[in-house]
Structures are given as C-alpha cells and as structure tokens.
C-alpha cells in the first residue's frame with residue numbers, strides 16, 4: 118500500500134479513536150455516580166454496543182496499518198484503546 122493509503126488509515130483510526138476517547142470520558146463521569154438509575158444503565162448498555170462496533174472498526178484499521186508498517190511494534194501501543202471497552206463492559210456488569 119502507498120503512503121497515502123497509510124495516511125488515510127491513520128486519519129480514519131484517529132476519528133474512531135476520538136469517539137472511543139469521548140466514551141471513556143463519559144464512562145469516568147458515570148463511574149463517579151454512587152448508584153446508577155435504570156435510565157443510566159440502559160444508556161450505558163446502548164453506548165457499549167455502539168462502542169463495541171467502533172472498536173471492531175478500529176481494530177480492522179489498526180491491523181491494516183500494522184500489516185503495511187515497516188516497524189509494526191510502534192503501532193502496537195495503539196491497541197490500548199481496548200481498555201476503554203473492557204472498563205465499560207465491567208462497569209455495566211456491576212451496575213446491574
């Protein structure tokens with residue numbers, strides 16, 4: 118793949134990562150609540166399903182970048198985005 122393709126993938130990945138980061142910020146606010154209402158739990162569950170879809174897209178973009186990279190080790194640090202999804206999954210389970 119060309120350098121322009123790599124730049125395109127990085128741009129798309131950045132956009133998806135920004136959405137995941139926004140979700141992570143939302144999750145931090147939710148975690149500060151002593152107890153979640155039914156509405157908050159429902160909203161969290163809906164957002165989690167959306168975030169799981171976004172992570173799938175992110176993972177595909179990241180894999181594509183790793184395949185074309187000269188040094189894929191540099192890109193492995195980007196895999197930490199999964200932590201936000203796992204935190205929410207854990208938070209949803211304990212909130213119910």
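In the numbering used here, the protein residues as written are 118 to 213. Every residue gets a Cβ at the ideal spot worked out from N, C-alpha and C, and that includes glycine.
According to DSSP, simplified to helix, strand and coil, what is residue i?
i           : result
residue 115 : Since the first residue shown for the chain is 118 and the last is 213, residue 115 is missing from the structure and cannot be characterised.
residue 153 : coil
residue 118 : Here residue 118 scores only 49 on pLDDT, less than 50, and its place in the model is too uncertain to base an answer on.
residue 187 : coil
Is the distance from the Cβ of residue i to the Cβ of residue j below 8 angstroms?
i           : j           : result
residue 175 : residue 130 : yes
residue 146 : residue 161 : no
residue 150 : residue 157 : yes
residue 144 : residue 182 : no
residue 165 : residue 133 : no
Please check if any C-beta of chain D sits within less than 8 angstroms of the C-beta of residue i.
i           : result
residue 131 : Given the protein chain composition of this structure (a single chain), no chain D is represented.
How many whole angstroms separate the CB atoms of residue i and residue j, which I take to be in contact at a CB cut-off of 8 angstroms?
i           : j           : result
residue 185 : residue 135 : Wrong, their Cβ atoms sit about 22 angstroms apart, outside the cutoff.
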